[in-house]
Amino acid sequence: MQLSLVDEVPELSKSYFLDIYAEAILDPNKAKMRLETIDGQPVPGNLKVSCPKSYISKFPEGTIYKLDTKLVRKEGQRPYFIAINRKNVRRAMEFFEYNLKVQNGFDYIPPTKKQA
Numbered sequence: 038m039q040l041s042l043v044d045e046v047p048e049l050s051k052s053y054f055l056d057i058y059a060e061a062i063l064d065p066n067k068a069k070m071r072l073e074t075i076d077g078q079p080v081p082g083n084l085k086v087s088c089p090k091s092y093i094s095k096f097p098e099g100t101i102y103k104l105d106t107k108l109v110r111k112e113g114q115r116p117y118f119i120a121i122n123r124k125n126v127r128r129a130m131e132f133f134e135y136n137l138k139v140q141n142g143f144d145y146i147p148p149t150k151k152q153a
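Okay, so the sequence shown: first residue is 38 according to our numbering, each after it adds one.
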């Protein structure tokens with residue numbers, strides 16, 4: 038008997054998850070951006086997150102977003118998340134400097150504040 042992902046990861050027994058971090062990834066099959074969860078959270082990495090493409094296509098691949106989500110479990114499919122409050126998808130402030138580097142190149146050095 039094969040265990041489901043929910044059995045392996047008890048944290049997925051909830052339906053709603055707040056403050057999930059997901060990374061924008063270019064789907065080579067569809068040539069469109071999509072979101073996947075990142076590692077280091079109370080949910081597994083690489084789970085798909087459904088949200089409006091118009092919000093995530095404004096920024097380059099690798100941008101990190103912070104979302105509130107609902108877990109969807111369909112029989113015979115891998116669980117995935119749907120962004121709730123879908124019109125309020127924002128880049129993650131916790132990853133602000135990382136997002137700047139994604140947008141400006143990884144050799145980008147953020148400006149420092151001038152001493153008074």
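Backbone N, C-alpha and C fix where the C-beta goes; we use that ideal spot for every residue, glycine too.
For M70 and Q140, the gap between their C-alpha atoms comes out near 15 Å.
Fully contained in the stretch 56–130 are the following beta strand (DSSP E) runs of length 3 or more, in chain order: 69–74, 85–87, 101–109 and 117–121. Boundaries of the alpha helix (DSSP H) harbouring K138: F133 to N141, taken from the DSSP string. One alpha carbon belongs to L137, the other to Y102, and they sit about 13 Å apart. Our two residues, P81 and I93, have alpha carbons roughly 21 Å apart in a direct line.
Comparing alpha-carbon positions, the option among L84, F133, N66 and T74 lying closest to Q114 turns out to be L84. Out of K67, C88 and V109, the CA that lies nearest to the CA of N122 is found in C88. Across the structure, P97 and V86 are spaced so that their CA atoms are roughly 17 Å apart.
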